[in-house]
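>
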Amino acid sequence: MVTTRKKVVIIGGGITGLAAAFRLKYLSVGKSLDISIVEAAPRLGGVIETVFSEDCLLECGPDSMLSTKPAGVRLMKELGMENQIIETCAENRRAFIAAHDCLLPMPEGFRLIAPESVAALAASPCLSVVGKLRAVCEPFVPRHAAMSNGELPDDFDESLSSFVRRRLGEETLERLAQPLFSGIYTADPENLSMRATMPQFLEYEAEFGSVVKGLREKGKAATGRQNGKAESVRYSMFVAPERGMGSLVNALEKGLKGVSIHVGKSVATLSFHSSDNQWRIESADGSVWQSDAIVMCLPAKAAAKLLSDAAPEAAQHLCQISYASSAVINFIVERENVLHPLDGFGFVVPALLKRNLLAGSFSSVKFRGRAPSHLVILRAFVGGALFPQMMELSDSEMCQRAFADLSFYLSIRSPARGRPFKEALVSRWYDSMPQYAVGHRKLVKNIEHEVSKLTGAFICGSAYEGVGIPDCIANAESTARSVFDSLFPI
Ligand SMILES: Cc1cc2nc3c(=O)[nH]c(=O)nc-3n(C[C@H](O)[C@H](O)[C@H](O)COP(=O)(O)OP(=O)(O)OC[C@H]3O[C@@H](n4cnc5c(N)ncnc54)[C@H](O)[C@@H]3O)c2cc1C
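Listed below in structure tokens is the structure:
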């Protein structure tokens, strides 16, 4: 009996595409399946990139992942990287928040948008007396009318701003929740969906009538603590490969022996031929692939473009997911020139201060062994949905403005001659951060529904079920399972 070999083409070689290929390869052991990855850029990894310079490890994109979402750590273990998983440095596990003229410690136990304890918030200098009084009333603020029966309706959604304003007041939104959330989603809080990003806070409100009560009850078991104190950010839950996020990409590439990898090939058209149930995939330079299945691991905009003929309705929905651009600048600085003790992992900057930075991170403090002791790596984040104009600056102007803010908050001395930093590496990530707007979950359901009407077409990536690396890996793995089941039905 002759068995025909099946073919699948994965479009996009970021972490989602690589994880999908790896899982598919693993699932199809003993089956006749050819797997190809087609990636537009000259390298794999998408927004993940690690660079070495001046004996420093520089992360150009993500620098860590949450270990509480198991898919990332599990994949690293499968790749034989178990001994390379490191936690953030056990000391100084705290973050700061920028005020007009200094950095203030984040209130103890403040969980992204709400405090675990109103007493800790009341003791913090981050809010005015009026702001604190409003925030401590949170347990007495009635539930949203839609949750009055103690249940969260399936179709309920609202923006981050609306939620925090309602529960904790404008000041908590502007001075704490907005900058903390911006650090993750580089988003405009007026549009960001609570349901798609932080559904647990809505659930706390529905179940307990208060997010503070909900955090206390539900968060007890999972609370990160240092010296008996609740950490402001649960840094104990962030891990990274010792040699940087790029080593995860390298390990995946090594683990993909037998998979055909084509880099520098931007897919330009996709068409389905019902005569032989085959997809035809053509790149801008004229290379052509044929396959039984395609997996689009792309930014939503790129997927929309490719599906505009085969699935115009899916393309229309995909276009509704907007993106923000941002840049990361790694500065290598002489430690002795930084007068701030760097006794934390970094700081976030409220948009209301109208500075150049979204956030600054003390990379070589957060993870040990990333820089020689006489140097320090400071990462600056700029741009995002609220400050898109920063992306129009030249590299040198962007560096100059970002470093001015770092110098201001960290009291960095300028040498009498020459640059105040040894090196600056600018990494620009255009249209790389999907914005989960209010109604995102419904939009994703519509996209999935339209794509499911196509034979052998699958879609996954950061645009749909979560932007974090473990979310992308989990989404890739479940999609790989669906691809396998469709190609090899029992
Ligand atoms: C600056 C930054 C910092 C971040 N920090 C963290 C962090 O610390 N921790 C964390 O968990 N998450 C972080 N994230 C989020 C996380 O890194 C991303 O959500 C995730 O890596 C996205 O992976 P992906 O494969 O879905 O998409 P991408 O990495 O965007 O990959 C998509 C790939 O598709 C390719 N492509 C596009 N069009 C085509 C085409 N037509 N043909 C072929 N290929 C194409 C692109 O070149 C790209 O390689 C960060 C994101 C950014 C931007």
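Residue 1216 in our numbering sits at position 267 of the sequence shown; the count goes up by one each step and never skips. Just so it is clear, CB atoms sit at the ideal spot from N, CA and C, and this is done for glycine as well.
Straight-line CA distance for residue 1210 to residue 1249?
If you number the sequence shown from 1, residue 1210 lands on position 261. If you number the sequence shown from 1, residue 1249 lands on position 300. Taking the straight line from one Cα to the other gives about 22 angstroms.
> What does the alpha-carbon distance come out to for the pair residue 1002 and residue 1286?
As a working note, residue 1002 is residue 53 in the sequence shown. As a working note, residue 1286 is residue 337 in the sequence shown. Taking the straight line from one Cα to the other gives about 19 angstroms.
> Below 7 angstroms CB to CB, which residues in the same chain sit around residue 1038 once its five sequence neighbours on both sides are set aside?
Reading the sequence shown from its first residue, position 89 is the one you call residue 1038. The residues 1314, 1315, 1316 and 1317, in chain order, have a CB closer than 7 angstroms to that of residue 1038 in the same chain once the five nearest residues on each side in sequence are set aside.
> Considering residue 1382, what are the terminal residues of the beta strand (DSSP E) in which it resides?
Counting from 1 along the sequence shown, the entry for residue 1382 is found at position 433. From DSSP, the beta strand (DSSP E) with residue 1382 extends over 1372-1383.
> Who are the near neighbours of residue 1014 in its chain, counting only those whose CB is closer than 6 angstroms to its CB and skipping five residues on each side?
Here the question's residue 1014 lines up with position 65 in the sequence shown. Taking residue 1014 as the centre and dropping the five residues before and after it, the same chain places the C-beta of 1021, 1418 and 1419 closer than 6 angstroms to its C-beta, in chain order.
> For the region 1302-1312 against the region 1322-1330, do three or more pairs of beta-carbon atoms, one drawn from each stretch, fall closer than 8 angstroms, so that the two count as touching?
yes
> Taking 8 angstroms as the threshold (C-beta atoms), are residue 992 and residue 899 in contact?
Outside the shown range of the chain (950 to 1439) lies residue 899, about which nothing can therefore be said.
> Can you tell which of 1343, 1206 and 1255 has the C-alpha that lies nearest to the C-alpha of residue 1246?
The residue labelled residue 1246 in the question sits at position 297 within the sequence shown. Of the listed residues, the one whose Cα sits closest to residue 1246 is 1255.
> Can you tell which of 964, 971, 955 and 965 has its C-alpha closest to the C-alpha of residue 1206?
Indexing the sequence shown from 1 puts residue 1206 at position 257. The residue with the shortest Cα to Cα distance from residue 1206 is 971.
> Tell me whether residue 1424 is buried or exposed, calling it buried when 16 or more other Cβ atoms sit within 10 Å of its Cβ.
Locating residue 1424 in the sequence shown gives position 475, where the first residue counts as 1. Its Cβ being crowded by 16 or more others within 10 Å, residue 1424 is buried.
> Look up residue 1180 in the DSSP assignment and say whether it is helix, strand or coil.
Position 231 of the sequence shown, counted from the start, is the residue given in the question as residue 1180. With a pLDDT of 47 at residue 1180, under the threshold of 50, the modelled position of that residue is not reliable, and the figure given next carries that caveat. Note: residue 1180 maps to coil in three-state DSSP.
> Over the uninterrupted beta strand (DSSP E) stretch that includes residue 1245, give me the two end residues.
Within the sequence shown, numbered from 1, the residue matching residue 1245 stands at position 296. 1242-1245 is the extent of the beta strand (DSSP E) around residue 1245.
> Cβ-heavy atom distance between residue 1025 and ligand 1 below 7 angstroms?
Reading the sequence shown from its first residue, position 76 is the one you call residue 1025. Within the chosen limit of 7 angstroms, ligand 1 does not reach the beta carbon of residue 1025 with any heavy atom.
> Between residue 1399 and residue 1276, which are expected to be in contact by the criterion C-beta below 8 angstroms, what is the C-beta distance as a whole number of angstroms?
Numbered from its first residue, the sequence shown carries residue 1399 at position 450. Numbered from its first residue, the sequence shown carries residue 1276 at position 327. Not a contact, Cβ separation roughly 33 angstroms.
> Excluding the 5 residues flanking residue 1229 on each side, which residues of the same chain have their C-beta closer than 7 angstroms to its C-beta?
Residue mapping note: residue 1229 aligns to position 280 of the sequence shown, counting from 1. Closer than 7 angstroms at the Cβ level, and outside the excluded window around residue 1229, lie 1220, 1222, 1237 and 1239.
> Go ahead and label residue 1214 buried or exposed: buried means 16 or more other beta carbons lie within 10 angstroms of its beta carbon, across all protein chains shown.
Within the sequence shown, numbered from 1, the residue matching residue 1214 stands at position 265. By the 10 Å Cβ count, residue 1214 comes out buried.
> Nearest to residue 1130 by CA position, among 975, 1226, 1096 and 1334, is which residue?
Looking up residue 1130 in the sequence shown gives position 181. Selected option, being the one with the closest Cα: 1334.
> Between the alpha carbons of residue 1390 and residue 1259, how many angstroms are there, rounded?
Indexing the sequence shown from 1 puts residue 1390 at position 441. Indexing the sequence shown from 1 puts residue 1259 at position 310. Rounded to the nearest angstrom, the two C-alpha atoms are 23 angstroms apart.
> Does DSSP classify residue 1140 as helix, strand or coil?
Within the sequence shown, the letter at position 191 stands for residue 1140. Residue 1140: coil per DSSP, three-state reduction.
> What three-state label does DSSP hand residue 1146 in the structure shown?
Indexing the sequence shown from 1 puts residue 1146 at position 197. Helix.
> Assuming residue 1052 contacts residue 1121 (C-beta within less than 8 angstroms), just tell me the rounded distance between them.
Numbered from its first residue, the sequence shown carries residue 1052 at position 103. Numbered from its first residue, the sequence shown carries residue 1121 at position 172. Actually they are not in contact, since the Cβ atoms of residue 1052 and residue 1121 sit about 18 angstroms apart, beyond 8 angstroms.
> For residue 1061, is the beta carbon positioned less than 7 angstroms from some heavy atom of ligand 1?
The count along the sequence shown starts at 1 and reaches residue 1061 at position 112. For ligand 1, not one heavy atom lies less than 7 angstroms from the Cβ of residue 1061.
> What's the gap between the Cα of residue 1160 and the Cα of residue 1300?
Within the sequence shown, numbered from 1, the residue matching residue 1160 stands at position 211. Within the sequence shown, numbered from 1, the residue matching residue 1300 stands at position 351. If you take the alpha carbons of residue 1160 and residue 1300, they lie about 24 angstroms apart.
> Grouping DSSP H, G and I as helix and E and B as strand, with all else coil, what is residue 1422?
Counted from its first residue, the sequence shown places residue 1422 at position 473. Helix at residue 1422.
> Counting only the same chain and skipping the five closest in sequence on each side, list residues whose C-beta sits under 8 angstroms from that of residue 1181.
For the purposes of this step, residue 1181 is identified with residue 232 of the sequence shown, where counting begins at 1. Confidence is the limiting factor: at residue 1181 the pLDDT is only 46, short of 50, which leaves the residue's position unreliable and the question unanswerable from this model.
> Have a look at 1438, 965, 960 and 956 and flag the residue whose alpha-carbon is nearest the alpha-carbon of residue 1201.
Counted from its first residue, the sequence shown places residue 1201 at position 252. That would be 965, whose Cα lies nearest to the Cα of residue 1201.
> Is residue 1364 near ligand 1, in the sense that its beta carbon is under 7 angstroms from a heavy atom of that ligand?
Position 415 of the sequence shown holds residue 1364. No - ligand 1 has no heavy atom lying nearer than 7 angstroms to the Cβ of residue 1364.
> Check whether the Cβ of residue 1421 sits closer than 7 angstroms to any heavy atom of ligand 1, and report yes or no.
As a position in the sequence shown, residue 1421 is number 472, starting the count at 1. Within the cutoff, so yes.
> So if DSSP puts residue 994 in a beta bridge, which residue, or which two residues, is it bridged to?
Taking the sequence shown and counting its residues from 1, one reaches residue 994 at position 45. Answer is 963, bridged to residue 994.
> Using 10 angstroms around the beta-carbon of residue 1097, count the other beta-carbons present and answer buried if the total reaches 16, otherwise exposed.
Numbered from its first residue, the sequence shown carries residue 1097 at position 148. Exposed is the call here.
> For residue 1232, which residues in the same chain have their Cβ closer than 7 angstroms to its Cβ, ignoring the five residues on either side in sequence?
As a working mapping, residue 1232 is identified with position 283 in the sequence shown. Counting only Cβ-Cβ distances below 7 angstroms, and skipping sequence neighbours, we find 987, 1214, 1215, 1216 and 1217.
> Shorter than 7 angstroms, the distance from the beta carbon of residue 1235 to the closest heavy atom of ligand 1, or not?
By one-based count along the sequence shown, residue 1235 stands at place 286. Flag unset: Cβ of residue 1235 not near ligand 1.
> So residue 1134 is in the alpha helix (DSSP H); what residue range does that whole segment cover?
Position 185 of the sequence shown, counting from 1, holds the residue named residue 1134. From DSSP, the alpha helix (DSSP H) with residue 1134 extends over 1127-1134.
> For residue 1370, which residues of its own chain have a beta-carbon under 7 angstroms away from its beta-carbon, when the five flanking residues on both sides are left out?
The sequence position of residue 1370 within the sequence shown is 421, counting from 1. For residue 1370, where only same-chain residues beyond five positions count, the Cβ hits under 7 angstroms are 1280, 1281, 1282 and 1352.
> Compare the Cα-Cα distances from residue 1321 to each of 1284, 1344 and 1345 and report the closest residue.
Here residue 1321 refers to the residue found at position 372 of the sequence shown. The option with the nearest alpha carbon to residue 1321 is 1284.
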